[in-house]
């Protein structure tokens, strides 16, 4: 875009789009003077001189005001804005023209003609003025009137040459010293046939009959190296191999290998779970926690021993808890006797073999094929290329024979088995399982706490509770001694003979004439 020098102007800048997705327009930015920078003819970027902030227009575009100082240097003008926290950078380039040049190009003209007024010729304004005078004195019949015709009569000394037949009279020139004479023609003949022009022609003949054909022959030999012996078209053989490879790759596409791989990635993401951290939730870390569970001092073995002793006393609560725990373990390990973590480790080991051995080997083979293609000068590269293509075709055919899609499908089946029926990503993933294992390993509420509590329960059930029961039995015996003295003269009624009431001795038996009362 052209700008007029030393002139204020509004320019539309943008679009400003979101720094994250590179598409959503940013329509509420504050673009201050300090954020809008200019470079004049490649000089250092500085903020624009005009203090006005840019104002939003539409669809991520903003109106930016520049003043006469911003446009005071003819040539290239670069404008940039970069709010890295909000939007991607925006850059514009302008061409600042001198005021006269800009007016010549863009100022409105009633006639529609561009201003091409010549002010100077070779920076000489006088010459331009003389040219103007000459043009003003132009005559349709005599041309430039400022240039006088010869004053002498035609055909006279100093006059215009004429011909009696209406053309220039050059008859007298026939006797001039510069006419073409027989002697000069003889000299020209000598030049042509005396070892000058004929030698040049002979050299050209040598080139066209010997040198150039030889060069063409050499070029043909080089082409024969590329295209093979006469009648053989290596490109045809190459095309056949390429067609075979295309058939293989089309079949792989028909098998929807990308979708299969995407499904595998989805399953692996599900297994890993949201928030998966390599050095916290990996199988290696979970296996370390499982080792803790298998520890004979404070792990499952100790828990089982303590639980057996506790079951003698409780017989109900702890068995139910163990059943619940077993159900949780079944979720982790699958059906009874099946260790899904072992199967997972085997699959990971196979993947590791592929990434560390199989795939690098394939890349090495590909590099060797490239070395054949880019071989030394004089080597038949197409022949070598054909050999490489044949090898690739054999490999792709072998891949088809190996039934790669079926293998990928089997991997997906294994992953589905690992996930299990009813798998929920954020409930049964390795991250969540690792969280449960963390709880089992927690000194406050995990195995260690269970072992501690179990030991305390054993003390209670083996010592405290029996001692308490003994004490209770003694006290119950004493109570029984007292209650045995109670007599029941009527069903569910205790016989009581009152002699005192509130420390006052009673008399009478309650019958008529001997009523109860104080003594």
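Residue numbers (our numbering): 548 to 1066. Glycine included, each C-beta is placed from N, C-alpha and C at the ideal position. All of these numbers come straight from a predicted model, not from anything done at the bench.
So the alpha helix (DSSP H) residue i belongs to, where does it begin and stop?
i	result
residue 756	It is not in any alpha helix (DSSP H) - residue 756 carries neither H nor E in the DSSP assignment.
residue 556	Segment 556-560 is the beta strand (DSSP E) holding residue 556; no alpha helix (DSSP H) there.
residue 817	804-819
residue 551	No alpha helix (DSSP H) contains residue 551, which is instead part of the beta strand (DSSP E) from 549-551.
residue 678	672-683
residue 652	646-653
Please report the residue range of the beta strand (DSSP E) in which residue i lies.
i	result
residue 586	583-587
residue 618	Taken as a continuous stretch (DSSP letters only), residue 618 belongs to no beta strand (DSSP E), as it is neither H nor E.
residue 827	Looking at the DSSP string, residue 827 is not in any beta strand (DSSP E); the run it does join, the alpha helix (DSSP H), is 825-828.
residue 602	602-605
Helix, strand or coil, according to DSSP, for residue i in the structure here?
i	result
residue 1003	helix
residue 794	helix
residue 592	coil
residue 1027	helix
residue 968	coil
residue 995	helix
residue 665	coil
residue 632	coil
residue 963	helix
residue 1014	helix
residue 942	helix
residue 976	coil
residue 761	helix
residue 749	helix
residue 844	coil
residue 702	coil
residue 579	coil
residue 1009	helix
residue 838	helix
residue 985	helix
residue 1020	helix
residue 937	helix
residue 950	coil
Who pairs with residue i in a beta bridge, going by DSSP?
i	result
residue 1065	1053
residue 640	625
residue 611	558
residue 1047	1052
residue 574	Bridge partners of residue 574: none, in fact.
residue 564	572
residue 599	Beta-bridge pairing links residue 599 to no other residue.
residue 1058	1061
Using the Cβ count rule (16 or more neighbours within 10 Å means buried), how would you classify residue i?
i	result
residue 853	buried
residue 820	buried
residue 626	buried
residue 933	buried
residue 611	buried
residue 1047	exposed
residue 833	buried
residue 1051	exposed
residue 653	exposed
residue 761	exposed
residue 520	For the chain, the structure presents residues 548 to 1066; residue 520 sits outside this window and is missing.
residue 637	buried
residue 814	buried
residue 797	exposed
residue 976	buried
residue 631	exposed
residue 634	buried
residue 678	exposed
residue 640	exposed
residue 1025	exposed
residue 601	buried
residue 664	exposed
residue 763	exposed
residue 644	buried
residue 1055	exposed
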